[in-house]
Amino acid sequence: MPIAEELGVVMSPPNRIRPTRKAHQAALVVEHVSPGAINTYHDRLSAAVWVEERDIEDPEILSSLAKDLDVPSELIERVVNNDELWPAVISSMERAHAWGATGTPSWLIDNKLLVPGLQDDEFFDRVIVKMSSPSNSEDPLK
Numbered sequence: 000m001p002i003a004e005e006l007g008v009v010m011s012p013p014n015r016i017r018p019t020r021k022a023h024q025a026a027l028v029v030e031h032v033s034p035g036a037i038n039t040y041h042d043r044l045s046a047a048v049w050v051e052e053r054d055i056e057d058p059e060i061l062s063s064l065a066k067d068l069d070v071p072s073e074l075i076e077r078v079v080n081n082d083e084l085w086p087a088v089i090s091s092m093e094r095a096h097a098w099g100a101t102g103t104p105s106w107l108i109d110n111k112l113l114v115p116g117l118q119d120d121e122f123f124d125r126v127i128v129k130m131s132s133p134s135n136s137e138d139p140l141k
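Under numbering that gives the first Met the number 0, the first residue of the sequence shown carries the number 0, and numbering increases by one thereafter.
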């Protein structure tokens, strides 16, 4: 993966694409119980998929990724085994789809502009400058 190599990011495309239903719910548990740890948990989920090729639908793996984040493993396992937060995940996906997001990453900027896909820093710099200009408040990409 040329971009990953350029950025010094280790990425190995998995041999098998796995669902993320349980991983999304586990992340919501971590975010609720230990909000300051959510970025660490997301990084661990990413590494589990792109580096370690682990099954992020396995409740034990999901709880092990949070073992030192002050999140009870039994809570994660119970929630993902019973799909307790699936309605919240669906609601979030519906809001994203309403904005036009069809994949990740997608960036919603100032509740005005949806940017799909991976973009470079210069693109976002231009968007921020344009959105800051009063003359372009209606259409930030003019």
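Cβ coordinates follow ideal geometry from the N, Cα and C atoms, glycine included.
Report back the beta-carbon spacing between residue 115 and residue 97 to the nearest angstrom; my notes put them in contact at under 8 angstroms.
Here residue 115 refers to the residue found at position 116 of the sequence shown. Here residue 97 refers to the residue found at position 98 of the sequence shown. Actually they do not touch by this definition, with Cβ atoms about 14 angstroms apart.
Euclidean distance between Cα positions of residue 78 and residue 133
As a first step, residue 78 is located in the sequence shown; it is residue number 79 there, counting from the start. As a first step, residue 133 is located in the sequence shown; it is residue number 134 there, counting from the start. Taking the straight line from one Cα to the other gives about 46 angstroms.
Segments of 3+ residues assigned as beta strand (DSSP E) that fall wholly inside the segment 105-133
105-108, 112-115
What's the gap between the Cα of residue 129 and the Cα of residue 81?
In the sequence shown, counting from the first residue as 1, residue 129 sits at position 130. In the sequence shown, counting from the first residue as 1, residue 81 sits at position 82. So the alpha carbons of these two residues sit roughly 46 angstroms apart.
Enumerate in chain order the residues of its own chain whose CB-to-CB distance from residue 43 is below 7 angstroms, with the five nearest sequence positions on each side excluded.
Indexing the sequence shown from 1 puts residue 43 at position 44. For residue 43, where only same-chain residues beyond five positions count, the Cβ hits under 7 angstroms are 64.
Could you compute how far the alpha carbon of residue 66 sits from the alpha carbon of residue 131?
As a working note, residue 66 is residue 67 in the sequence shown. As a working note, residue 131 is residue 132 in the sequence shown. Using only the alpha carbons, I get a separation of about 42 angstroms.
Under a Cβ-count criterion, where at least 16 other Cβ atoms within 10 Å of its own Cβ denotes burial, should residue 86 be classed as buried or exposed?
Taking the first residue of the sequence shown as position 1, residue 86 is located at position 87. Exposed: under 16 other Cβ atoms inside 10 Å.
Inter-stretch contact (C-beta, 8 angstroms, three-pair minimum) for the segment 101-111 and the segment 47-58:
no
How is the alpha helix (DSSP H) around residue 142 delimited, first residue to last?
With the chain represented from 0 up to 141, any question about residue 142 goes unanswered, as that position is not in the structure.
Residue environment, residue 118, which counts as buried when at least 16 other CB atoms sit within 10 Å:
Numbered from 1 along the sequence shown, position 119 holds the residue referred to as residue 118. Exposed, by the Cβ-count rule.
Is the CB of residue 108 under 7 angstroms away from at least one CB in chain C?
Among the chains of the structure shown, chain C does not appear; only one protein chain is present.
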